[in-house]
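A.B. asks: Numbering-wise, the sequence shown is residues -25 to -1, 1 to 137 according to mature numbering (1 follows the signal peptide of the UniProt record, and there is no 0).
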Amino acid sequence: MPAIGRGWIKIAASLLIGTALVVVAADHPRADHPARTAAPVAVAADAAERSAVIAAIDRQLAALARDDAAAAFAMAAPALQARFGTPDRFLRMVHHAYPAVIRPVRVDYGPAWRLADGRFVQRAMLQTRKGGVVMAVYTLQMVDGQHRITGCFLFDTPAEAV
């Protein structure tokens, strides 16, 4: 999705904080329901999982920097591949809708989360060639033992965020 206005940052932050609160609450049974043992919605990915997730994103960013449509498309999950059909169509869409991920000057990764359904979420701060800073929230899933990108959501941020 294209970058969205700063007002939406507050909404996105609220959703992320809300998810974190659900995770914490799920780990602590309520006093009125001591037997409650709900599984957490998300947990922090361990170091190996986080490294593998970042490596997958880095591979796609490197492919995009080379304009290597086939390699960038290969890092997309099957549902995205089906949606766009060809590597060239996928690359055109990324150039049009996600310019921040094309040759960013700097990428700083935050924590990664493993969702209860096995998918992963990874936050990254991207400094663009134009000097802007964009927060990217990637979602990934395992496909045949490899992390593949299922989505990327971009949010404008203040330039001093990186």
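Cβ atoms here follow ideal geometry from the backbone N, Cα and C, with glycine treated the same way. Quantities reported herein were computed from a predicted structural model and do not represent experimental measurements.
1. Considering only residues of the same chain and omitting the five flanking positions on each side of R89, which have a CB-CB separation below 7 Å?
2. Indicate the three-state DSSP secondary structure (helix, strand or coil) for R104 in the structure shown.
3. Helix, strand or coil: which one does DSSP assign to V80?
4. Let me make sure I understand the geometry here. Which of H70, R34, P15 has the alpha-carbon closest to that of I124?
5. Could you name the residues that DSSP lists as bridge partners for M117?
6. Leaving out five residues on either side along the sequence, give the residues of the same chain with a beta carbon under 8 Å from the beta carbon of P53.
7. Helix, strand or coil for A40, going by three-state DSSP, please let me know.
8. Between T61, F128, A87, which has its C-alpha nearest A27's C-alpha?
9. Please state whether the Cβ-Cβ distance between V112 and C127 is less than 9 Å.
10. Checking 9 Å against the spacing of the C-beta atoms, do R81 and M50 come in under that value?
11. Distance, Cα to Cα, T132 vs I29?
12. Which residues mark the beginning and the end of the alpha helix (DSSP H) in which V69 is found?
13. Classify A31: buried if its beta carbon has 16 or more other beta carbons within 10 angstroms, exposed otherwise.
14. What does a CB cutoff of less than 6 Å around A38 pick up in its chain, not counting 5 residues either side in sequence?
15. Could you tell me the alpha carbon to alpha carbon distance between T103 and Y73, rounded to whole angstroms?
C.D. replies: Short version:
1. A17, V18, A20, E24, F95
2. coil
3. coil
4. R34
5. H122
6. V118, R123
7. helix
8. A87
9. yes
10. no
11. 21 Å
12. 62 to 72
13. buried
14. A46, A47
15. 11 Å
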